[in-house]
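Participant:
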Amino acid sequence: MELEKELNSQQLKAVLNSENSLLIFAGAGSGKTRVLTYKIAYLIKERGIDPFGILAITFTNKAASEMKKRVIDLVGRVGEYMWVSTFHSFCARLLRREISRFGYNEKFIIYDSDESLKLISRCITDTGYDLKMVSPKSVQETISTSKNKLIDHESFIKRAFDPFEKIVARIFPLYQDELHKANALDFDDLLFLTVRLLKDNPDVKEKYQNQFQYILVDEFQDTNLVQNELILLLYNGSNKIFVVGDDDQSIYSWRGAEISNIINFDKNFSNTIVIKLEQNYRSTKFILDAANELIKNNYSRSKKKLWTQSHAGELISKFRAQNEQEEAKFVAKKIRDIIAGKNKKSFKDFAIFYRTNAQSRAIEEVFIRENIPYRIFGGLKFYDRKEIKDMLAYLKLMSNPKDIISLTRVVNVPARGIGNTTISHIEKFSQNNGITFCEAFYDIEKINTVSPSTRQKIRDFISILDNLRDYLDNHTIEETIEELWEKTSYIKELAIENTIESLNRIDNLKEFLTVIKEFEESHNSIEENAKLSLHDFLQEISLVSEVDNYDEDADTVTLMTLHNAKGLEFPIVFIVGLEEGIFPHVRSITGGYDDVEEERRLCYVGITRAKEKVFLTSSILHYIYGDQRERLISRFIGEIPDELFIDENKATSLLYSSEETGNYTVNKKSVFQFSKNHPERYSKQESRSVDMFSTKSKDSKKSDNSGFKKEKDFLNFKVGDLVEHKLWGNGEILRAKKSVDDLELDVVFKSVGLKKILASVAPIKKIQ
DNA sequence: AAACGGGAAGAGTTT
DNA sequence: CTTCCCGTTT
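The structure is reproduced here in structure tokens:
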């Protein structure tokens, strides 16, 4: 290990310093993974730290296993004893050992958001509310936020003030109770209970404080209150803390991430120093310039500037399409062109990022038609598919018979004559007798409101489960699944259905089997603790994210949301849908200023993923709820100086002139032409508040003699007019809205993009 | 009990 | 345009 050769001076400092609590400000692409890896290797090899005493928290499981692998490459197999995982996996692992203190069984299962939502819905109904009046989603959100602030249901009740909170105050305790009865935890409980465990049990706390001599946390800017609390509990002042973060890449405030965790770092830990990594090794200069220029527009951020020694590289590109299809086609065409070029690029060098999962569809459709191989991350995840969830429900039920959500999910899947009537009879019986639904279900003989024939069906179902449980004792999970298919006729029913959809489901199930097989194999070989139990398998499945399954060897284009893109890098990056209302998202625009700043950081994250080339695309028309609406170009495009852009609308010679778009040709005037053909589209705009902005001063009211607007003729501006602005040059009016005695205009300028201005004060004139 | 159809609501990002 | 829920029919 030749640290001096491998690291720059700041990186080296971060690796070698073992005296202080360290806060590393690591800009995008500044080699923080490298620093983390070398740091750990250095600790083990040079400082003689026991790997078992090292805790490293990463943002994804994939990052965790990668880091582990790299460390093992450097230090050998002793590295396997490190604790490297996400917060959630760490907590699950800890609770596995200690949860009995809370009256849970160590075989607890983890409910994903869907399952938790179902349980919440049950609780709402049980409390006597109507699901239409009390939205399960809002309740779930409120409970989740509460747990993430370390407020349990008892404290919540005390501080519930508004009517909605009062309602949640009734549901929250019930929900916790139901979770407990089902021996289940939701995602937030994992963190919440771990914190409580350490708080309430000094002996446990001390045990882990002593074990973890070094605590390293990656992506610290995205930690929330509970997570910070957890770290603080593990810290006793004599062990060491090392965190890495970048405030410009903080994109999870909606999930409770607290930037104050960074700000208060020096108060929370002793003897702190800050090290900044500002040299970027990933991107070419133009890309970095664009990212820097963009992020400069954020008010709240610490001062820093990424720099690079890299060559200028290629300018970034922008393209404004007519609609989503054309936008997707542009992406496809560019990919094809670049691959055909001499830079020897293949599909896996490309990534396409978007703001919302739904946006992947347009791209997908075009890629299928044009035969471009791709993989989508997020959206409808593999494990979210009905058939897979059914399998997991069966498995969960085998592992934990108290799992009411899984039981109700599969009790009649495939249909076996145990329908809603029966379920509500059991429900009623359990309520009347003060027992849980599951208890009533397994004791079906006592419920004589259920007909004998139905009771027989339930007995059959229960014995299927029992038999599968026995079967698992001397078979692998894979074999047990096959047995499950056999005994429930699950596959058979799908085959009989014989639709494209059902056959597709069979394929997915076979893939599921492969996943399980690989899982079992890999775990048996790597980990010594021999036989992987079903329970371990389920825990891991609950906590994997889609990105964890990313396989960099497959030669396909990658499609994912910008949030998922964090921590990854690609030679060529497309960000699509750069439109006001999409990115930045409407909900951020109508929210506070902070929200738009977070969107901007998200865009920054996207751009800085690219090593060689960035494309920012948008389209004029966009479908929402099956309704086509026009969209203004995103402000983020306007915030990046024009000198850094290649305008593909000009540069590309008419890619898409023909079929769908009629006479439409792509050139620099595309925006203008469109609105002239469809002026009526702009008239149905509702009133929107005008984000005031500051050209109104000086020379506005007094007309100077340059011809820029005077007196009352400003009322003559209308949608579609081409105008010249004193500072920004030519633009086109996209919207005009009368206010009391003025005209609010949305104008797209060639130089700066979209601006909102008041006709009476802005220095603009009409161009003939 | 299951299948079908009409109507309403809905998609912001995730462990 | 989708998905989900509910009421109706078989």
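Just so you know, the first sequence maps onto residues -2 to 765 in this note's numbering.
Even glycine gets a Cβ: it sits at the ideal position worked out from N, Cα and C.
Computed from a prediction, not measured in an experiment: that's the story for all the values here.
#1: Among I630, P760 and V720, which residue has its Cα nearest to the Cα of N320?
#2: Assess, as a yes-or-no matter, whether the region 192 to 210 is touched by the region 28 to 36 under the definition of 3 or more beta carbon pairs within less than 8 Å.
#3: Note down, in chain order, each residue of its chain lying with its Cβ closer than 7 Å to the Cβ of A166, except the 5 sequence neighbours on either side.
#4: Using the Cα positions of S460 and R252, report the straight-line distance between them to the nearest angstrom.
#5: Comparing C-alpha positions only, which one of Y351, V131 and L176 sits nearest to G578?
#6: In this structure, how does DSSP classify Y249 when only helix, strand and coil are distinguished?
#7: Run the CB neighbour count on H150, radius 10 Å, all protein chains shown included, and call it buried at 16 or more, exposed below.
#8: Are there any heavy atoms of the ligand ADP lying less than 7 Å away from the beta-carbon of D463, as far as the coordinates show?
#9: Under a three-way DSSP split, which group does M130 fall into?
#10: Is the beta carbon of E323 sitting closer than 8 Å to the one on K610?
#11: Just to confirm the assignment, what range does the alpha helix (DSSP H) spanning K302 have?
#12: Which stretch, first to last residue, makes up the beta strand (DSSP E) that contains E(-1)?
#13: Would you identify the three-state DSSP class for L510, choosing helix, strand or coil?
#14: For the beta strand (DSSP E) holding H85, just list the boundary residues, first then last.
#15: Note down the Cα distance separating E1 from L9, rounded to an integer number of angstroms.
#16: Secondary structure at D639, three-state DSSP: helix, strand or coil?
#17: Can you find the residues in the same chain that come closer than 6 Å, C-beta to C-beta, to V271, ignoring five residues on each side of it along the sequence?
#18: Should N102 be labelled buried (16 or more other beta-carbon atoms within 10 Å of its own) or exposed?
#19: Looking at C-alpha atoms only, which residue of R406, R413, V447 and V407 is the closest neighbour of K425?
#20: Would you decide whether S267 is buried or exposed? Buried here means 16 or more other CB atoms lie within 10 Å of its CB.
#21: Have a look at F438 and R44 and give me their C-alpha separation to the nearest angstrom.
#22: Let me know the secondary structure DSSP gives F379 once reduced to three states.
#23: Judging by CA-CA distance, which residue of N505, N58, V68 and I455 is the nearest neighbour of D545?
#24: Please check the pair A11 and A348, which I expect to be a contact at CB under 8 Å, by giving their CB distance rounded to whole angstroms.
#25: Pull the bridge partners of M557 from the DSSP assignment, please.
#26: Report, in whole angstroms, the separation of the C-beta atoms of G728 and V744, which I expect to be a contact under 8 Å.
#27: When you compare the region 36 to 53 with the region 301 to 310, are there three or more beta-carbon pairs, one atom per stretch, that lie closer than 8 Å?
#28: If you follow the alpha helix (DSSP H) that H422 is part of, which residue opens it and which one closes it?
#29: Restricting to Cα atoms, I'd like to know which of I37, E95 and I96 is closest to V72.
#30: Is it buried or exposed, M557, if we count other Cβ atoms within 10 angstroms and call 16 or more buried?
#31: Output the distance between the C-alpha atoms of Y781 and E594, rounded to the nearest integer angstrom.
#32: Indicate the three-state DSSP secondary structure (helix, strand or coil) for L565 in the structure shown.
#33: Are three or more beta carbon pairs between the region 196 to 203 and the region 164 to 179 nearer than 8 Å?
#34: Taking the straight line between their C-alpha atoms, what separation do you get for Y205 and R74?
#35: Would you kindly report the start and end of the unbroken alpha helix (DSSP H) that includes K66?
#36: Please state whether DSSP places N145 in a helix, a strand or coil.
Facilitator: Based on what the coordinates show:
#1: I630
#2: no
#3: F153, I154 and A157
#4: 42 Å
#5: Y351
#6: coil
#7: buried
#8: In terms of ligand content, the structure shown is empty, and the ligand ADP therefore cannot be addressed.
#9: coil
#10: no
#11: First-last for K302: undefined, no H or E at that position.
#12: Unbroken run through E(-1): none, as it is neither H nor E.
#13: helix
#14: First-last for H85: F84 to E95, but that is the alpha helix (DSSP H), not the beta strand (DSSP E).
#15: 7 Å
#16: helix
#17: L20
#18: exposed
#19: V447
#20: exposed
#21: 58 Å
#22: helix
#23: N58
#24: Incorrect: roughly 28 Å between the Cβ atoms, too far for contact.
#25: F350
#26: 4 Å
#27: no
#28: N417 to N429
#29: I37
#30: buried
#31: As shown, the chain starts at -2 and ends at 765. That puts residue 781 outside it, with no answer to give.
#32: coil
#33: no
#34: 23 Å
#35: N58 to V72
#36: helix
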